[in-house]
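See structure below.
Protein chains in written order, with my numbering: chain A, 458 to 966; chain B, 612 to 778.
This is how it looks when you write it as structure tokens:
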């Protein structure tokens, strides 16, 4: 997180590559796809022609096809880095359990496909490296007792190999990325507003980087493959080919074991203990008017609008898919009926979390504010995945914590200030770009700015509201921002509405 | 951080990433075969003789079969194990008993072995038993070869072509 903080300062949060690891993976995939299509035009599928055609690409047409070849290689390598960093980051931030299992599990075959695509690409050059890779791959495959005759026997001498072998290989090299693309599409099916493209600045920067690298260090071939010899020293692409030396240093069965158990482990970890599945959001039909805001705001597509099942005069009602709900509560924050001002009847919004109902949230707010004294009382609404401001040790500050700060209906801010429950309100949550539930900080920003329903009322004095999106490591920054805010509150003149005026106004929310 | 410093910082990050990608795309160099070595690749897939004798069915046995299944000769499907060994300059370097593949044990036995050897002249002796005999060999070949550095010398086996093939 500290490294991400440094990158925030260098790139700004809008361009920080750590927040676009998956999107950068997609970007590199498209670079590989476009350059691959161009290279395919010149590639010849013959035993000697394959190498000659790659040499033509590299040397004769170095200024375009050669650059394309280098981009093809380096973007593939960068893709491996992005995939691995994306996986590690999602794991480190515990973003693979609950409703997120689907994206996690669909990501696992993508790792196999990325590596298989890269390895088959190296076969096609049919230089000494390709010869080594082809033989090492088939020797590894031959450990499986499924082939009648060892596949590696195809490479024991030139007489065993046929031109059509390369036709098969190019077919595989095109088919695997197509399957990968299909799973990439599948991977995002349960992610709402997914980022599949990096921001333009980041895309331009990384593309320029690849271009410069392609000109400075163009991708070149080894000598042509010759099955009467054994390649001695090789310039391996360690991003893709690291398994082959490992096979030689250990054994084929050891690497099969590593691959098999590694894959199984990755697939099952969303369900391994400690399981932290919380109660999912529930819809209270009597208060749901089918406004669709919860479905629109849900970051994981867990809410859909279905045909009304009761006699209420509305066309639709919200439906929560329990398998996809991650219990973030963002839907509660989006529900216009979740207002703490409600006088008539019990406070039951159209949708809420059973483990932290809106009634409980209001009680918690009132109870926490009752402890505060003086003229710079601060009530902080925070996110469980960021810093709890109360633990910073500041005087006269109380915190109400939620799964995500966007669970807070904006009317709560109005409620606190208009009822004089505190002199100022602080909203804290995950740092921009690394929201645990992806969109919480963004939705809250837009609601406060009045750009997203439900909007924070204009009458709420903005100088009594502070938003800080900070990482769990940003204690110092959070502390100083809140201290300055407390000083600012002391200078402000208090304008408290009468309860009657506020209630009349809020009943119309 | 000022805009200029930010762009400078971004350039530095891109440069570090590019150097990392560029370096590990081809380096460090991997030595697959040590200098001064050649490789002998010994591999074949061969179906050994059946484990039992074929026999003619009696008239009674044939009558019990469906008309379209009345093959007068019945042979057991299972094949014997293949025993193979390779000697290099009189020293045994590979010996194996290879079982037939297939659920019924009626497929080819298979093997694939890489044997790195020092360059120079070597006397290679290969022997194979693929029948029900208890001792001795059905195929045997001896070859003296001068191997140069990095050479890939293959030993294959194809019974229809007379046995061992050296390439």
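Heads up, the beta-carbon is just placed ideally off N, CA and C, and yes, glycines get one too. Quantities reported herein were computed from a predicted structural model and do not represent experimental measurements.
Please list the partners that residue i has in chain B, where partner means a Cβ-to-Cβ separation under 7 Å.
i: residue 928 of chain A; result: Going along chain B, no residue has its Cβ under 7 Å from residue 928 of chain A, so there is no contact; the nearest lies around 17 Å.
i: residue 702 of chain A; result: 641
i: residue 466 of chain A; result: 612
i: residue 695 of chain A; result: 635
Please compile the residues from chain C whose C-beta is within a distance smaller than 7 Å of the C-beta of residue i.
i: residue 680 of chain B; result: Among the protein chains of the structure shown, namely A and B, there is no chain C.
Please check if any C-beta of chain A sits within less than 8 Å of the C-beta of residue i.
i: residue 676 of chain B; result: no
i: residue 664 of chain B; result: no
i: residue 737 of chain B; result: no
i: residue 778 of chain B; result: yes
i: residue 710 of chain B; result: no
i: residue 670 of chain B; result: no
i: residue 624 of chain B; result: yes
i: residue 667 of chain B; result: no
i: residue 617 of chain B; result: yes
Would you tell me roughly how many angstroms separate the C-alpha atoms of residue i and residue j, rounded to the nearest one?
i: residue 821 of chain A; j: residue 857 of chain A; result: 7 Å
i: residue 962 of chain A; j: residue 650 of chain A; result: Confidence in residue 962 of chain A is poor, its pLDDT being 43 and thus under 50, which makes the residue's placement unreliable; the coordinate value appears in the next sentence. Their backbone Cα atoms lie some 34 Å apart in a straight line.
i: residue 958 of chain A; j: residue 798 of chain A; result: Since pLDDT at residue 958 of chain A reaches only 48, below the 50 mark, its modelled position is unreliable, and no value is offered.
i: residue 736 of chain B; j: residue 639 of chain A; result: 53 Å
i: residue 759 of chain B; j: residue 613 of chain A; result: 17 Å
i: residue 577 of chain A; j: residue 795 of chain A; result: 56 Å
i: residue 863 of chain A; j: residue 913 of chain A; result: 12 Å
i: residue 776 of chain B; j: residue 598 of chain A; result: 25 Å
i: residue 826 of chain A; j: residue 876 of chain A; result: 11 Å
i: residue 689 of chain B; j: residue 661 of chain B; result: 6 Å
i: residue 472 of chain A; j: residue 764 of chain A; result: 41 Å
i: residue 747 of chain B; j: residue 585 of chain A; result: 41 Å
i: residue 772 of chain A; j: residue 749 of chain A; result: 11 Å
i: residue 931 of chain A; j: residue 674 of chain A; result: 40 Å
i: residue 810 of chain A; j: residue 753 of chain A; result: 17 Å
i: residue 667 of chain A; j: residue 531 of chain A; result: 7 Å
i: residue 770 of chain A; j: residue 902 of chain A; result: 33 Å
i: residue 696 of chain B; j: residue 681 of chain B; result: 41 Å
i: residue 687 of chain A; j: residue 743 of chain B; result: 37 Å
i: residue 497 of chain A; j: residue 582 of chain A; result: 12 Å
i: residue 621 of chain A; j: residue 632 of chain B; result: 33 Å
i: residue 596 of chain A; j: residue 763 of chain B; result: 16 Å
Since residue i meets chain A, which of its residues come closer than 8 Å, beta carbon to beta carbon?
i: residue 646 of chain B; result: 689
i: residue 652 of chain B; result: 613
Chain B beta carbons: is any one of them nearer than 8 Å to that of residue i?
i: residue 609 of chain A; result: yes
i: residue 670 of chain A; result: yes
i: residue 778 of chain A; result: no
i: residue 805 of chain A; result: no
i: residue 964 of chain A; result: Because the pLDDT of residue 964 of chain A is 41, which lies under 50, any placement of that residue in the model is unreliable, and the number read from its coordinates should be weighed accordingly. No, residue 964 of chain A lies away from the interface with chain B (no Cβ there is under 8 Å from its Cβ).
i: residue 1022 of chain A; result: Residue 1022 of chain A lies beyond the stretch modelled for chain A, which goes from 458 to 966, so this question has no answer here.
i: residue 508 of chain A; result: no
i: residue 542 of chain A; result: no
i: residue 530 of chain A; result: yes
i: residue 859 of chain A; result: no
i: residue 488 of chain A; result: no
i: residue 961 of chain A; result: Note that residue 961 of chain A has pLDDT 46, beneath the 50 cutoff, so the model's placement of it is unreliable and the number below is only indicative. Not an interface residue.
Just reading off the alpha helix (DSSP H) that residue i is part of, what are its end residues?
i: residue 624 of chain B; result: 614 to 635
i: residue 488 of chain A; result: 478 to 499
Please list, in chain order, the chain A residues whose beta carbon lies closer than 9 Å to that of residue i.
i: residue 768 of chain B; result: Result: empty, since nearest Cβ-Cβ is about 11 Å, beyond 9 Å.
i: residue 775 of chain B; result: What residue 775 of chain B touches in chain A: nothing, since even the nearest Cβ is about 13 Å away.
i: residue 721 of chain B; result: 599, 604, 605, 606, 607, 610
Looking at the unbroken beta strand (DSSP E) that takes in residue i, where does it start and where does it end?
i: residue 761 of chain A; result: 760 to 764
i: residue 764 of chain B; result: 763 to 769
i: residue 899 of chain A; result: Not the beta strand (DSSP E): residue 899 of chain A falls in the alpha helix (DSSP H), residues 897 to 906.
i: residue 751 of chain B; result: 750 to 758
i: residue 835 of chain A; result: 835 to 840
i: residue 703 of chain B; result: 702 to 709
i: residue 654 of chain B; result: 648 to 657
Which chain A residues are close to residue i, counting only those with a beta carbon under 7 Å from its beta carbon?
i: residue 763 of chain B; result: 684, 685, 686, 687
i: residue 748 of chain B; result: Simply none; closest approach about 22 Å.
i: residue 718 of chain B; result: 605
Which residues in chain B sit within 8 Å of residue i, going by Cβ to Cβ distance?
i: residue 534 of chain A; result: 632, 635, 636
i: residue 477 of chain A; result: In chain order: nothing, as chain B lies at least about 13 Å away.
i: residue 662 of chain A; result: 621, 625
### Query
Contact between the stretch 692 to 712 of chain B and the stretch 628 to 646 of chain B: three or more CB pairs below 8 Å?
no
### Task
Check whether the stretch 841 to 854 of chain A touches the stretch 883 to 898 of chain A, taking contact to mean three or more Cβ pairs, one atom from each stretch, closer than 8 Å.
yes
### Query
Are the stretch 469 to 485 of chain A and the stretch 659 to 678 of chain A touching, with three or more C-beta to C-beta distances below 8 Å?
yes
### Task
Count the C-beta pairs between the stretch 776 to 788 of chain A and the stretch 554 to 571 of chain A that are closer than 8 Å, then say yes if the count reaches three, no if not.
yes
### Cβ pair count under 8 Å reaching 3, the stretch 761 to 775 of chain B against the stretch 639 to 658 of chain B
With a cut-off of 8 Å, the stretch 639 to 658 of chain B and the stretch 761 to 775 of chain B count as touching, because enough Cβ pairs lie within range.
### Query
Given 8 Å as the limit, is there contact between the stretch 717 to 728 of chain A and the stretch 662 to 669 of chain B, that is, 3 or more CB pairs closer than that?
no
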